[in-house]
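Engineer: In our numbering, the protein residues as written are 178 to 468.
Here a beta-carbon is modelled for each residue, glycine too, at the ideal position from N, C-alpha and C.
Model, not experiment: these values are computed from the prediction.
Sharing a structure, written as structure tokens. Questions coming.
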């Protein structure tokens, strides 16, 4: 992930600054006394505008501790599935251990929001000669479950984000191409919802396992926001959801649009997660109330 410059957002603390408490991270002056971290890989960071809006609306100071190709797990495989990714795997382990140590040593951090392209860290292979995934994961690994257990034991509130669907490759830049008269024959930037559903099955199984074991864990249901019962779209409010030449990561405008569309689809979910357990939110979008 490319380096990012500090900015003036009031709810997301940027990762670079003069008050770094661990390599590559910093603390930004925010008004809220309710502290959270946002932990995960690039599929967490592409929701940074989404999280900024969430923090503003629900009174959270959210510190970004995302790291590319690095799931939010306090431990993980020592060896990557390929030598090319070994250095990244080692860096991820170091990063995540620092994050976990920091969270556990700071009682003011009460909420841990976790997001990732979850299927990348799930190995569903069977048979006698199962190979590790690109990042070294094997069937039966339970690193995420162990991480949630440690956070739960420390009194942290864990919130999982179920990511977004990746679009079919042939829809890359679909919305932008239409502006220049370069589009698919039918001009349609949507695809069958069954495509998204198939890709999400492993995540749904993982989340079901965790929420059954830890009923206090909550899920922000972002995945099916651009979908109806039949189709999913790559364009919301006339804005391409995905980065240029990318069908997996939201662009900045896409992240902003995604939050609005999410609120329309799940108007009460964030209030139920962040406002109903012993605290009142400083502000909630109109029509959003905890039950």
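Between the stretch 270 to 288 and the stretch 301 to 313, can you find at least three pairs of beta-carbon atoms closer than 8 angstroms?
Structural biologist: Flag = no, the stretch 301 to 313 and the stretch 270 to 288 do not touch.
Engineer: Would you call the stretch 414 to 422 and the stretch 340 to 352 in contact, with 3 or more CB pairs under 8 angstroms?
Structural biologist: Touching, yes.
Engineer: Taking Cβ positions, are residue 469 and residue 391 nearer each other than 7 angstroms?
Structural biologist: There is no way to answer for residue 469, as the model of the chain reaches only from 178 to 468.
Engineer: Buried or exposed for residue 410, going by 16 or more other Cβ atoms inside 10 Å?
Structural biologist: So residue 410 counts as buried.
Engineer: Taking 7 angstroms as the cut-off, decide whether the C-beta atoms of residue 221 and residue 292 are in contact.
Structural biologist: Yes, Cβ-Cβ distance for residue 221 and residue 292 is below 7 angstroms.
Engineer: In the structure shown, what three-state DSSP assignment does residue 238 receive?
Structural biologist: In the structure shown, residue 238 sits in a strand (DSSP, three-state: E or B).
Engineer: Should residue 317 be labelled buried (16 or more other beta-carbon atoms within 10 Å of its own) or exposed?
Structural biologist: Exposed, because fewer than 16 other Cβ atoms sit within 10 Å of the Cβ of residue 317.
Engineer: Taking only runs that begin and end inside the stretch 361 to 427, name each unbroken alpha helix (DSSP H) of 4 or more residues, in chain order.
Structural biologist: Runs found: 370 to 390.
Engineer: In angstroms with no decimal places, state the Cα-to-Cα distance between residue 337 and residue 443.
Structural biologist: Those two C-alpha atoms are separated by around 15 angstroms.
Engineer: Could you check how far apart the C-beta atoms of residue 414 and residue 434 are, in whole angstroms? I think they sit under 8 angstroms.
Structural biologist: So it is a contact: roughly 5 angstroms between Cβ atoms.
Engineer: Since residue 248 contacts residue 278 with CB under 8 angstroms, what's their CB separation in whole angstroms?
Structural biologist: Wrong, their Cβ atoms sit about 17 angstroms apart, outside the cutoff.
Engineer: Rounded to the nearest angstrom, what separates residue 239 and residue 225 at their Cα positions?
Structural biologist: Each residue's alpha carbon lies about 10 angstroms from the other.
Engineer: Could you tell me which of 402, 395, 212, 345 sits nearest to residue 441, measuring between CA atoms?
Structural biologist: The candidate whose alpha carbon is nearest that of residue 441 is 402.
Engineer: Taking residue 343 as the reference, which of 211, 382, 223, 213 has the closest Cα?
Structural biologist: Nearest option by C-alpha distance: 223.
Engineer: With a threshold of 6 angstroms (Cβ to nearest heavy atom), would residue 227 be considered close to the ligand ZN?
Structural biologist: Only the bare structure without any ligand can be found here, which leaves the ligand ZN out of the picture.
Engineer: Which value, in whole angstroms, describes the spacing of the CA atoms of residue 388 and residue 329?
Structural biologist: In a straight line, the C-alpha of residue 388 is about 12 angstroms away from that of residue 329.
Engineer: Report yes if the CB atom of residue 311 is closer than 7 angstroms to the CB atom of residue 258, and no otherwise.
Structural biologist: Closer than 7 angstroms, so yes.
Engineer: Here's the rule: buried if 16 or more other CB atoms are within 10 angstroms of the residue's CB, otherwise exposed. What is residue 405?
Structural biologist: Exposed.
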